[in-house]
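One structure is given here, and the rest of the page talks about it.
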Amino acid sequence: MTVMRALITGAVLAACFTGPVYAQGKGAKGPDATPMQLDEQAKQRDRDNIDRQYRSTLQKTGGATTAARPEDPWANMRGSEDVKPKR
């Protein structure tokens, strides 16, 4: 009975120690993928997703964009005659 207990205890400990060792390995993420590269790939996917959503919204609205009109916020403060001082 003690031999069986020792074998089971050894198997459980071996399983407990292999988990963290496997987690530190590269696993299925690829042999050359570093954490920084994985982070950059995730950021690029986010950028692509945002761009796709933006283009979809433009198509839904008909692609109409408002032309930038220069508005004069001081138009009400000036007089009716716009006089420039002479030199």
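Residue numbers (our numbering): 3 to 89.
We treat Cβ as the ideally placed atom computed from N, Cα and C, and that holds for glycine.
Cα-Cα separation between residue i and residue j, rounded to whole angstroms
{"i": "Pro-37", "j": "Glu-73", "result": "49 Å"}
{"i": "Arg-49", "j": "Pro-75", "result": "36 Å"}
{"i": "Met-6", "j": "Gly-21", "result": "23 Å"}
{"i": "Gln-46", "j": "Asp-34", "result": "18 Å"}
{"i": "Val-14", "j": "Ala-8", "result": "10 Å"}
{"i": "Thr-63", "j": "Cys-18", "result": "56 Å"}
{"i": "Ala-44", "j": "Ile-52", "result": "12 Å"}
{"i": "Ser-58", "j": "Asp-41", "result": "26 Å"}
{"i": "Met-3", "j": "Gly-12", "result": "14 Å"}
{"i": "Met-79", "j": "Leu-60", "result": "38 Å"}
Spatial neighbours of residue i in its chain, beta-carbon cut-off 6 Å, leaving aside the 5 residues before and after
{"i": "Ile-10", "result": "none"}
Interface flag, residue i vs chain C, CB-CB below 7 Å
{"i": "Lys-62", "result": "No chain C appears in this structure, which consists of one protein chain only."}
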